[in-house]
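First comes the structure, then the notes that go with it.
In full-length UniProt numbering, the protein residues as written are 1 to 215.
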């Protein structure tokens, strides 16, 4: 098992946002009177809100309405208690520090926006660990489309056969597989999402270190 590049997803891998995001998501649509019980949450994990409007609004989907609701949602989210400072998984800093001491190139590839990425990385002082940061905001399509990973790999000058991707969601796993990388999935303890297409499932990031021989 030999890799020279490791690329991390962010939400659900480095930071435990999924549960809190779901709570804010539910509260917002309840307040708006927009039904969301029909959504398959597992299938939508790892996708940005901009991709979800056709699923949420169905036959009522309209791009202008979606753009307005999206702005309202992010305003609502900012006003809600969203404790980013409490959400970092406990082993993240130790793992990233150890990896930074190796010859591995380290990247971040996430569907999150630049503002959301900055909030996480700057709150937890993680930016220094990543040579490349690739945001789904920069591409017309996000995960499961592979663009965010293709961009990270190009910037890191990495071949797919040399790349290890750390993911959690089915859409993220699909995006990583589409570029030909090896995918290890952090076991989803909250939503029990389908991770069967990953090459390996691990319990936590520390196990990644152990498997790579850096523990």
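For glycine and all other residues, C-beta sits at the position ideal for the given N, C-alpha and C.
| Query | Result |
| --- | --- |
| Would you grab the beta carbon distance between residue 100 and residue 106 for me? Rounded to a whole angstrom, and I think it's under 8 Å. | 7 Å |
| Could you have a look at residue 84 and say whether DSSP puts it in helix, strand or coil? | helix |
| Inspect the beta-carbon positions of residue 56 and residue 89 and report whether they are closer than 9 Å. | no |
| Between residue 117 and the rest of its own chain, which residues show a CB-CB distance below 8 Å, the 5 nearest in sequence each way excluded? | 10, 108, 110, 133 and 135 |
| Looking at the unbroken alpha helix (DSSP H) that takes in residue 103, where does it start and where does it end? | Premise fails: residue 103 is in no alpha helix (DSSP H) and is neither H nor E. |
| To which residues of the same chain is residue 24 closer than 6 Å at the C-beta, ignoring the five residues directly before and after it? | 77 and 80 |
| Closer than 8 Å is the cut-off here; do at least three beta carbon pairs connect the segment 46-55 with the segment 149-161? | no |
| Taking a contact to mean a Cβ-Cβ separation below 9 Å, would you say residue 168 touches residue 44 in this structure? | no |
| Mind checking whether residue 3 and residue 205 have CB atoms under 9 Å apart? | no |
| In chain order, what are the residue ranges of uninterrupted alpha helix (DSSP H) at least 4 long that sit wholly in the segment 127-201? | 147-155 and 170-178 |
| From 20, 103 and 64, pick the residue whose C-alpha is nearest to that of residue 85; which is it? | 20 |
| Per DSSP, residue 15 is paired with what? | 11 and 88 |
| Sorted by chain position, which residues of the same chain lie with C-beta nearer than 6 Å to residue 124's C-beta, five sequence neighbours on each side aside? | 88 |
| Out of 95, 187 and 12, state which residue places its alpha-carbon closest to the alpha-carbon of residue 215. | 95 |
| Based on Cα-Cα distance, which residue from 93, 182, 14 and 137 lies nearest to residue 200? | 182 |
| Secondary structure at residue 27, three-state DSSP: helix, strand or coil? | helix |
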